[in-house]
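Structure first, then comments.
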Amino acid sequence: MPELRLHNSLTRRREVFVPIDPGHVRMYVCGPTVYDLAHVGNARPVVVYDVLARLLRRLYPRVTYARNITDVDDKINARATASGEPIAAITARTTADYHADMGALGALPPDVEPRATGHISDMIDIAQRLIASGHAYAADGHVLFAVPSFNDYGKLSGRNRDDQIAGARIDVAPYKRDAADFVLWKPSPAELPGWDSPWGRGRPGWHIECSAMSHRVLGESFDIHGGGADLIFPHHENEIAQSLCAFPGSQFARYWLHNGMLNINGEKMSKSLGNFFTVRQVLAMAPGEAIRMMLLRGHYRAPIDFSENGLADCRKELDRFYRAVERTPAAPSAEVPASVMDALCDDLNTPLAISALHALADAAMAGDAQASADLQAGAQLMGFLQSTPAVWFQGNDDSSWIDTAIADRIAARKARDFARADAIRAELLAKGILLEDGAGGTTWRKA
RNA sequence: GGUCCGGUGGCAGAGUGGUGAUGCAGAGGACUGCAAAUCCUCGAAUGCCGGUUCGAUUCCGGCCCGGACCUCCA
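Residue numbering for the first sequence is 9 to 455, as defined by the numbering used here.
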């Protein structure tokens with residue numbers, strides 16, 4: 009097995025991955041805040057870390073992949089206030105939608121999926137530890153993390169405290185001792201979700217939940233922490249501060265991975281800019297695997313641009329893979345080929361891995377059954393070729409009307425009535441059905 | 001202003017101190033009644049200026065351009 013190397017945001021370089029416990033690799037990824045449907049940009053980390061989890065499972069005997077659900081958050085509260093729908097209904101529905109959408113992109117569920125509301129006591133516990141050790145203080149019903157108490161603050165994001173102050177664009181709350189201090193716990197009025205705490209009824213700040221949940225499900229120190237590049241500051245910086253101060257002597261996460269943003273017309277896709285497509289909208293434009301391909305054909309740390317043309321290209325690439333395995337059935341024994349494995353182990357070089365898949369598809373197309381098997385194994389490690397050629401090309405809908413039309417056309421061709429034959433073909437194409445006359449007869453696929 | 005990441009053929013996108021992958025699109029050909037698919041062939045790129053080097057797209061410096069973060073954000 010090749011050596012796995014990953015770019016660590018903490019050191020800004022590619023490092024050989026050495027797990028804390030080779031018998032059990034642990035990874036945490038920041039999951040969604042469940043207040044609305046996920047957009048394609050939200051799906052990028054899910055797909056990227058899904059590939060990483062699949063790869064880790066192949067390299068190590070046991071992997072625990074944890075991804076949280078944030079179900080207590082001011083945006084959820086705002087949504088409930090605006091729509092009148094109960095918070096619990098919003099979070100339950102959005103969580104189910106999220107699971108369905110990510111499943112449609114071929115992402116396997118994480119091994120554990122902690123919910124913030126299930127770990128409030130863990131958060132309170134961490135806040136108490138931080139107060140006890142002088143890293144946090146209670147003020148005005150809030151509990152704040154004292155940033156000056158942590159010397160390494162800013163290490164991940166490359167920021168120093170002077171920058172913080174110079175760049176501060178928000179009013180500093182009066183109860184903060186330092187402008188950079190952030191909220192661990194805040195008071196909650198009766199109409200909003202709240203839990204009893206030593207500081208009165210309240211709810212958690214944003215950053216504390218990931219520290220609490222990762223600690224609970226993975227332990228004080230674990231191997232990999234992933235998330236979007238836009239979370240580096242302040243979210244991950246704050247997580248590091250909280251966790252390292254709450255659990256002295258621990259390492260928290262050893263390798264930090266950050267995926268680049270999904271852009272649209274050169275700009276980051278985001279809810280606040282309004283320039284987003286939900287995963288559902290995009291699933292109406294292309295199959296899930298094509299969307300997955302679009303998210304994996306660029307390196308995970310680079311920005312990628314979303315476009316319908318790009319999506320169409322991805323579908324064509326997958327067409328060829330499916331055609332190759334259809335034309336030459338896979339030999340019985342298959343290993344993930346070294347070309348794919350090596351590419352993925354080199355900081356998840358999915359574009360290179362995909363090009364390796366193309367080489368295998370060429371060989372499979374030429375009749376190499378072993379190449380077909382290797383193509384299948386390599387593609388499936390990346391979450392491709394999860395369907396069968398028949399379903400990929402034709403779907404599951406009733407197609408008897410197509411068969412009827414094809415029979416008519418065959419009769420016309422036999423009579424050398426090509427005008428009639430071409431008319432039938434054009435008619436079907438107008439309905440999205442493309443005919444192919446091969447040596448073995450006429451077949452069809454969705455255009 | 002600060003921090004960080006990029007600029008490769010028409011588009012997408014890798015690798016590499018020594019004649020620049022891969023996919024899509026395009027051109028020509030084979031096959032086909034015509035298409036589609038497949039196969040063969042072809043054209044086409046490393047932002048600018050310096051430096052190091054026998055040699056730089058790759059390393060270093062400067063510049064220009066783009067983007068992200070510094071505020072909720074995957």
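For each residue, glycine too, the CB sits at the ideal point set by N, CA and C.
Which stretch, first to last residue, makes up the beta strand (DSSP E) that contains residue i?
| i | result |
| --- | --- |
| residue 184 | It is not in any beta strand (DSSP E) - residue 184 carries neither H nor E in the DSSP assignment. |
| residue 37 | 33 to 37 |
| residue 75 | 71 to 75 |
| residue 272 | 270 to 272 |
| residue 152 | 150 to 153 |
| residue 451 | 449 to 454 |
| residue 229 | 229 to 236 |
| residue 210 | 210 to 212 |
If you draw a straight line from the C-alpha of residue i to the C-alpha of residue j, how long is it?
| i | j | result |
| --- | --- | --- |
| residue 252 | residue 71 | 23 Å |
| residue 392 | residue 355 | 19 Å |
| residue 383 | residue 155 | 51 Å |
| residue 435 | residue 296 | 28 Å |
| residue 414 | residue 55 | 39 Å |
| residue 98 | residue 107 | 14 Å |
| residue 174 | residue 188 | Bear in mind that a pLDDT of 48 at residue 174, under 50, signals an unreliable position, so the model cannot answer this. |
| residue 90 | residue 96 | 15 Å |
| residue 128 | residue 204 | 10 Å |
| residue 36 | residue 68 | 16 Å |
| residue 372 | residue 293 | 29 Å |
| residue 454 | residue 431 | 18 Å |
| residue 278 | residue 363 | 30 Å |
| residue 238 | residue 247 | 14 Å |
| residue 53 | residue 116 | 13 Å |
| residue 147 | residue 206 | 12 Å |
| residue 84 | residue 186 | 28 Å |
| residue 39 | residue 202 | 22 Å |
| residue 349 | residue 15 | 17 Å |
| residue 425 | residue 399 | 32 Å |
| residue 33 | residue 442 | 47 Å |
| residue 139 | residue 87 | 33 Å |
| residue 240 | residue 199 | 32 Å |
| residue 397 | residue 300 | 17 Å |
| residue 315 | residue 446 | 33 Å |
| residue 311 | residue 269 | 5 Å |
| residue 19 | residue 10 | 22 Å |
What whole-angstrom Cβ distance do residue i and residue j have, given they're in contact under 8 Å?
| i | j | result |
| --- | --- | --- |
| residue 191 | residue 143 | Rounded, the Cβ-Cβ distance is 14 Å, inconsistent with contact. |
| residue 359 | residue 318 | With 8 Å as the limit, residue 359 and residue 318 do not qualify as a contact, their Cβ atoms being about 13 Å apart. |
| residue 365 | residue 387 | 6 Å |
| residue 165 | residue 217 | Between residue 217 and residue 165 the Cβ distance is about 20 Å, and since that is not below 8 Å, they are no contact. |
| residue 66 | residue 118 | Actually they are not in contact, since the Cβ atoms of residue 66 and residue 118 sit about 17 Å apart, beyond 8 Å. |
| residue 59 | residue 304 | 7 Å |
| residue 380 | residue 338 | 4 Å |
| residue 258 | residue 219 | Not quite, the Cβ-Cβ distance comes to about 11 Å (not below 8 Å), so this is no contact. |
| residue 254 | residue 134 | 5 Å |
| residue 336 | residue 377 | 6 Å |
Just to confirm the assignment, what range does the alpha helix (DSSP H) spanning residue i have?
| i | result |
| --- | --- |
| residue 55 | 48 to 67 |
| residue 397 | 397 to 402 |
| residue 139 | 128 to 140 |
| residue 324 | 316 to 335 |
| residue 381 | 377 to 389 |
| residue 223 | 216 to 226 |
| residue 362 | 358 to 373 |
| residue 85 | 82 to 91 |
| residue 299 | 296 to 304 |
From the DSSP output, in three-state form, read off residue i for me.
| i | result |
| --- | --- |
| residue 161 | coil |
| residue 456 | Outside the displayed span of the chain (9 to 455) sits residue 456, for which this structure offers no information. |
| residue 200 | coil |
| residue 309 | coil |
| residue 99 | helix |
| residue 11 | coil |
| residue 406 | coil |
| residue 247 | helix |
| residue 438 | helix |
| residue 28 | coil |
| residue 347 | helix |
| residue 284 | coil |
| residue 143 | coil |
| residue 445 | strand |
| residue 192 | strand |
| residue 111 | helix |
Touching by the beta-carbon criterion (3+ pairs, under 8 Å), the region 284 to 293 and the region 45 to 64: Contact between the region 284 to 293 and the region 45 to 64 is present: 3 or more CB-CB pairs across the two stretches fall below 8 Å.
Inter-stretch contact at 8 Å, needing at least 3 Cβ pairs: the region 111 to 126 / the region 72 to 79: Yes, the region 111 to 126 is in contact with the region 72 to 79.
Inter-stretch contact at 8 Å, needing at least 3 Cβ pairs: the region 231 to 244 / the region 261 to 269: Contact between the region 231 to 244 and the region 261 to 269 is present, with at least three C-beta pairs closer than 8 Å.
The region 198 to 217 touching the region 13 to 25, judged by at least three CB pairs closer than 8 Å: With a cut-off of 8 Å, the region 13 to 25 and the region 198 to 217 do not count as touching, because too few Cβ pairs lie within range.
The region 397 to 404 / the region 414 to 423 touching (three or more Cβ pairs under 8 Å): No, the region 397 to 404 does not touch the region 414 to 423.
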